[in-house]
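Novice: My numbering numbers the first residue of the sequence shown as 5 and each following residue consecutively. Would you mind keeping the following structure in view while I ask a few things?
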Amino acid sequence: MPTFEGRRDSIDSVSSSISGSFPLSARPSIQGNSPKLAPSFGLDNLPTSDSEDEFLNNNSSRLARPSFQVPLVSTRSKEGTVSPVPSHNSLQSLNQNFSRLAIPAPQFKTAHLLKSIDHNLDIYFSKFHSQYPILMEKRQIQESLEQLQTDEYATVLELFNYSLQVLNSVDANFDFNVIVSSFQQISLIYASKSFINNNVHAKALFLLTLVLLNYTVILSGHEYSIGFTISFSIFNDWKIYKEPSSSPLFRAFMHLVVLDNIFALSFGTPRNTSLAFSQSYLHEYAKNLKASESESLEYVTVGLNLLLLPPTDPTISVPKQSKLYLLNDKYKFLSILEAESEICYLIQNFSSSLDSVRNPEADDFVFDLQLEFSKLCKRLIYLIDEQVDDLELLKIQPLLPLYVLKCFKILLSLKSLISSLISFNITINNDDFKDRLAKLIDTIDANIERLRCLRSSIPFLKVLISTLKNRTAETLSLSASTDKLLLLQNWCRQSSSLLHSTLTKDYFEGWYS
Numbered sequence: 005m006p007t008f009e010g011r012r013d014s015i016d017s018v019s020s021s022i023s024g025s026f027p028l029s030a031r032p033s034i035q036g037n038s039p040k041l042a043p044s045f046g047l048d049n050l051p052t053s054d055s056e057d058e059f060l061n062n063n064s065s066r067l068a069r070p071s072f073q074v075p076l077v078s079t080r081s082k083e084g085t086v087s088p089v090p091s092h093n094s095l096q097s098l099n100q101n102f103s104r105l106a107i108p109a110p111q112f113k114t115a116h117l118l119k120s121i122d123h124n125l126d127i128y129f130s131k132f133h134s135q136y137p138i139l140m141e142k143r144q145i146q147e148s149l150e151q152l153q154t155d156e157y158a159t160v161l162e163l164f165n166y167s168l169q170v171l172n173s174v175d176a177n178f179d180f181n182v183i184v185s186s187f188q189q190i191s192l193i194y195a196s197k198s199f200i201n202n203n204v205h206a207k208a209l210f211l212l213t214l215v216l217l218n219y220t221v222i223l224s225g226h227e228y229s230i231g232f233t234i235s236f237s238i239f240n241d242w243k244i245y246k247e248p249s250s251s252p253l254f255r256a257f258m259h260l261v262v263l264d265n266i267f268a269l270s271f272g273t274p275r276n277t278s279l280a281f282s283q284s285y286l287h288e289y290a291k292n293l294k295a296s297e298s299e300s301l302e303y304v305t306v307g308l309n310l311l312l313l314p315p316t317d318p319t320i321s322v323p324k325q326s327k328l329y330l331l332n333d334k335y336k337f338l339s340i341l342e343a344e345s346e347i348c349y350l351i352q353n354f355s356s357s358l359d360s361v362r363n364p365e366a367d368d369f370v371f372d373l374q375l376e377f378s379k380l381c382k383r384l385i386y387l388i389d390e391q392v393d394d395l396e397l398l399k400i401q402p403l404l405p406l407y408v409l410k411c412f413k414i415l416l417s418l419k420s421l422i423s424s425l426i427s428f429n430i431t432i433n434n435d436d437f438k439d440r441l442a443k444l445i446d447t448i449d450a451n452i453e454r455l456r457c458l459r460s461s462i463p464f465l466k467v468l469i470s471t472l473k474n475r476t477a478e479t480l481s482l483s484a485s486t487d488k489l490l491l492l493q494n495w496c497r498q499s500s501s502l503l504h505s506t507l508t509k510d511y512f513e514g515w516y517s
């Protein structure tokens, strides 16, 4: 089982840091084809515990004011996020018909809401589920919905429906403020948490709502970690990490852990959970995952593998170096990460061996290094070439931006290393690998261009891909010496420095950097 090193901040301590103080009565909405609702999030209808009664009594005067806003302070800069997502002011017309979350609200209409949920579930399963399954089977969700057809659970059902609508609209340039407003509403409703926690069906849908909203955050490209912080506070307060690994609640927790790690890798931020998963535990968990014929667990499994990468630690100046051990080596992207690691170790090993090489052995040493290096490069470039084939077919899933950026950066690094090695061979009049290295450069250039022209339905990824045209390979300048060993030592040192600086930037600034 995973080890837990201590609970993160509770929801009460997190609420004050929720980004954005948006009036809930004026929240933007999203247009969709689903039946329109008149949501009711009235606090008067929520069952409360004794401590919660005291909370509501102490704040009754503030809750009754029409102008009441959740007392939440934004921690985001006024200039916006670092995401390249364009402004959505011109797209407000898309949001005019979406249901507003109001306090108090009209009478809840169960039949209309269930019809809307069913419609949005159909969109989710046709659009997202096959490539990255997060929700349980639709039949299981419907069984939970049948147990919650009372006004008591109206808030849970509406939030679940709303999270589906937002995710389904992620490729329509929706207003990100709706995500912020959602987490504000969740934080407020959590004050009456006992009635949700005491019903397993309500709890499951509420937790899945948190996962779906954070899934949307990743697909939007915004650097907004507060949603993960709030979500982990709720998961930890309810001790979901202690649930059996086969439980739908624990599966929702693992999805949140994986998505949080994807977010951390993307932006170079620390993870929001202190849970540490062993390789053996993740292997067993991945092995027990089951999928229907229409589902693929490839990207879920890759996400679990990425948990084995060392998490960002802002207290250190040099990233931790560790060999990547794969749970499953049949997936190309994991093999790409492994091959990248092998090239780094190969150059380091040859560099450390140079001091013991004598001039009569120089030719053999140069030949051996270039042979091993070219083999690894050929394998890595071939894997990326196949991965780009897949990327051209992928639709929407959370790992797609990471795949694109990582493959592109590796190709640029390899082009720098191989180009400098070609210059090295010209200097020492060595034609042994002339044709082989030239072919590798041609394949690299072809795949760089394919990535720059990659089509995506995700607005954020479109903008990200457009920036690739401005990125070019660095040039390594070798010394003017004709001494083979001295030149090779210079090449090894500069190559190691380039690879290390790229990995360091990814570690501290994220793969999106």
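For glycine and all other residues, C-beta sits at the position ideal for the given N, C-alpha and C.
#1: Buried or exposed, going by whether 16 or more other CB atoms sit within 10 Å of the CB of Arg362?
#2: Alpha carbons only, please: which of Leu313, Lys131 and Leu387 is nearest the one belonging to Ile414?
#3: Can you give me the C-alpha to C-alpha distance between Leu161 and Phe132, rounded to a whole angstrom?
#4: Should Arg143 go down as buried or exposed, given a rule of 16 or more other Cβ atoms within 10 Å for buried?
#5: Rounded to the nearest angstrom, what separates Cys411 and Ala268 at their Cα positions?
#6: Within 8 Å, do at least three Cβ pairs link the segment 453 to 467 to the segment 333 to 342?
#7: Below 8 Å, how does it come out for the segment 269 to 280 and the segment 501 to 515: are there three or more Cβ pairs, yes or no?
#8: Can you check whether the CB of Asn202 is closer than 7 Å to the CB of Phe236?
#9: What does the alpha-carbon distance come out to for the pair Glu453 and Thr476?
#10: Would Ile445 pass as a contact of Ile430 if the rule is Cβ separation under 7 Å?
#11: Under the assumption that Asp436 contacts Gln374 (Cβ atoms under 8 Å), give the Cβ distance between them as a whole number of angstroms.
#12: Check whether the Cβ atoms of Gly231 and Val215 lie closer than 7 Å to each other.
#13: Scan the segment 134 to 204 and note each continuous alpha helix (DSSP H) run of 4 residues or more that stays entirely inside, going in chain order.
#14: Within the continuous alpha helix (DSSP H) that includes Ser499, where are the two ends?
#15: Out of Asp264, Ser296, Leu308 and Glu302, state which residue places its alpha-carbon closest to the alpha-carbon of Phe281.
#16: Taking the straight line between their C-alpha atoms, what separation do you get for Pro248 and Ser481?
#17: Pop quiz: Leu503 and Cys348 are said to be a contact at Cβ under 8 Å. What is the actual Cβ separation, rounded to whole angstroms?
#18: Expressed to the nearest angstrom, what Euclidean distance is found between the alpha-carbon atoms of Ile127 and Ala208?
#19: Can you give me the Cβ contacts of Leu313 inside the same chain, cut-off strictly under 6 Å, excluding the 5 residues immediately before and after it?
#20: So what's Tyr245 in DSSP terms, helix, strand or just coil?
#21: Which value, in whole angstroms, describes the spacing of the CA atoms of Phe210 and Pro274?
#22: If you drop the 5 nearest sequence neighbours on each side, which residues of the same chain put their C-beta closer than 7 Å to that of Leu472?
#23: Determine whether the beta carbon atoms of Ile244 and Phe257 lie at a separation below 7 Å.
#24: To the nearest whole angstrom, what separates the beta carbons of Leu212 and Leu139, a pair I think is in contact under 8 Å?
#25: Start and end of the alpha helix (DSSP H) containing Gly529?
#26: When you compare each of Ser284, Lys291 and Ser229 to Val261 by their alpha carbons, which one comes out closest?
#27: May I ask you to report which of helix, strand or coil DSSP gives Cys411?
#28: Quick one: is Ala195 buried, meaning 16 or more other Cβ sit within 10 Å of its Cβ, or exposed?
#29: In three-state terms, what does DSSP make of His259?
#30: In whole angstroms, what separates the C-alpha of Glu365 from that of Phe354?
#31: Between the alpha carbons of Leu458 and Asp175, how many angstroms are there, rounded?
#32: Where Asn434 and Thr479 are concerned, what is the direct C-alpha to C-alpha distance, given to the nearest angstrom?
#33: Out of Pro318, Pro252 and Ile320, which has the shortest C-alpha to C-alpha gap to Lys294?
#34: What would DSSP say about Val467, mapped onto helix, strand or coil?
#35: From Gln283 to Ser224, what distance separates their C-alpha atoms?
Specialist: On the basis of the data shown:
#1: Position 358 of the sequence shown holds residue 362. With fewer than 16 Cβ atoms within 10 Å of its Cβ, Arg362 is classed as exposed.
#2: Counting from one through the sequence shown, the residue named residue 414 turns up at place 410. For Ile414, the nearest C-alpha among the options comes from Leu387.
#3: Here residue 161 refers to the residue found at position 157 when the sequence shown is read from its first residue. Here residue 132 refers to the residue found at position 128 when the sequence shown is read from its first residue. In a straight line, the C-alpha of Leu161 is about 20 Å away from that of Phe132.
#4: The residue given as residue 143 occupies position 139 in the sequence shown. Classification of Arg143: exposed, given that the 10 Å Cβ count is below 16.
#5: Locating residue 411 in the sequence shown gives position 407, where the first residue counts as 1. Locating residue 268 in the sequence shown gives position 264, where the first residue counts as 1. Taking the straight line joining both Cα atoms gives about 18 Å.
#6: no
#7: yes
#8: Your numbering for residue 236 matches position 232 in the sequence shown. Your numbering for residue 202 matches position 198 in the sequence shown. Their beta carbons are not under 7 Å apart, which means Phe236 does not touch Asn202 by this criterion.
#9: Residue numbering aside, residue 453 sits at position 449 when the sequence shown is read from its first letter. Residue numbering aside, residue 476 sits at position 472 when the sequence shown is read from its first letter. Cα to Cα, Glu453 sits roughly 11 Å from Thr476.
#10: One-based indexing of the sequence shown puts residue 445 at position 441. One-based indexing of the sequence shown puts residue 430 at position 426. No, these two residues do not count as a Cβ contact at 7 Å.
#11: Residue numbering aside, residue 436 sits at position 432 when the sequence shown is read from its first letter. Residue numbering aside, residue 374 sits at position 370 when the sequence shown is read from its first letter. Contact holds; Cβ gap of about 7 Å.
#12: By 1-based counting over the sequence shown, the position of residue 231 is 227. By 1-based counting over the sequence shown, the position of residue 215 is 211. In this structure, Val215 does not lie closer than 7 Å to Gly231 by Cβ.
#13: Those alpha helix (DSSP H) runs which fall completely within the segment 134 to 204 and span 4+ residues are 142 to 150, 158 to 172, 181 to 193 and 198 to 201.
#14: Here residue 499 corresponds to residue number 495 of the sequence shown, with the count starting at 1. Its alpha helix (DSSP H) spans residues Lys488 to Glu513.
#15: Residue 281 sits at position 277 when you count from the first residue of the sequence shown. For the residues Asp264, Ser296, Leu308 and Glu302, the minimum Cα distance to Phe281 belongs to Leu308.
#16: For the purposes of this step, residue 248 is taken as residue 244 along the sequence shown, with counting starting at 1. For the purposes of this step, residue 481 is taken as residue 477 along the sequence shown, with counting starting at 1. Distance between the alpha carbons of Pro248 and Ser481: 57 Å.
#17: Taking the first residue of the sequence shown as 1, we reach residue 503 at position 499. Taking the first residue of the sequence shown as 1, we reach residue 348 at position 344. Between Cys348 and Leu503 the Cβ distance is about 5 Å, and since that is below 8 Å, they are a contact.
#18: What you label residue 127 is simply residue 123 of the sequence shown in a count that begins at 1. What you label residue 208 is simply residue 204 of the sequence shown in a count that begins at 1. Cα to Cα, the separation comes out at about 20 Å.
#19: Within the sequence shown, residue 313 is the residue found at index 309, counting from 1. Correct list: empty, nothing qualifies.
#20: Within the sequence shown, residue 245 is the residue found at index 241, counting from 1. Reduced to three states, the DSSP call for Tyr245 is helix.
#21: The residue you call residue 210 lines up with position 206 of the sequence shown. The residue you call residue 274 lines up with position 270 of the sequence shown. Just so you know, the alpha carbons of Phe210 and Pro274 end up roughly 25 Å apart.
#22: Here residue 472 corresponds to residue number 468 of the sequence shown, with the count starting at 1. Within the same chain, Leu472 has close Cβ partners Phe412, Leu455 and Arg456.
#23: Here the question's residue 244 lines up with position 240 in the sequence shown. Here the question's residue 257 lines up with position 253 in the sequence shown. In this structure, Phe257 lies closer than 7 Å to Ile244 by Cβ.
#24: Within the sequence shown, the letter at position 208 stands for residue 212. Within the sequence shown, the letter at position 135 stands for residue 139. About 6 Å separates the two Cβ atoms, so the contact holds.
#25: Nothing can be reported for residue 529: it is not among the residues displayed for the chain, which extend from 5 to 517.
#26: As a working note, residue 261 is residue 257 in the sequence shown. Per the C-alpha coordinates, the member of Ser284, Lys291 and Ser229 positioned closest to Val261 is Ser229.
#27: The sequence position of residue 411 within the sequence shown is 407, counting from 1. Cys411: helix per DSSP, three-state reduction.
#28: The residue you call residue 195 lines up with position 191 of the sequence shown. With 16 or more other Cβ atoms within 10 Å, it is buried.
#29: Within the sequence shown, numbered from 1, the residue matching residue 259 stands at position 255. His259: helix per DSSP, three-state reduction.
#30: To locate residue 365, count along the sequence shown from 1; it is residue 361. To locate residue 354, count along the sequence shown from 1; it is residue 350. Taking the straight line from one Cα to the other gives about 14 Å.
#31: Against the sequence shown, residue 458 aligns to sequence position 454. Against the sequence shown, residue 175 aligns to sequence position 171. The straight-line gap from Cα to Cα measures roughly 16 Å.
#32: Here the question's residue 434 lines up with position 430 in the sequence shown. Here the question's residue 479 lines up with position 475 in the sequence shown. Each residue's Cα considered, the two are about 20 Å apart.
#33: One-based indexing of the sequence shown puts residue 294 at position 290. Of Pro318, Pro252 and Ile320, the residue nearest in Cα terms is Pro252.
#34: Here residue 467 refers to the residue found at position 463 when the sequence shown is read from its first residue. Of the three classes helix, strand and coil, the one that applies to Val467 here is helix, per DSSP.
#35: Taking the first residue of the sequence shown as position 1, residue 283 is located at position 279. Taking the first residue of the sequence shown as position 1, residue 224 is located at position 220. Their backbone Cα atoms lie some 30 Å apart in a straight line.
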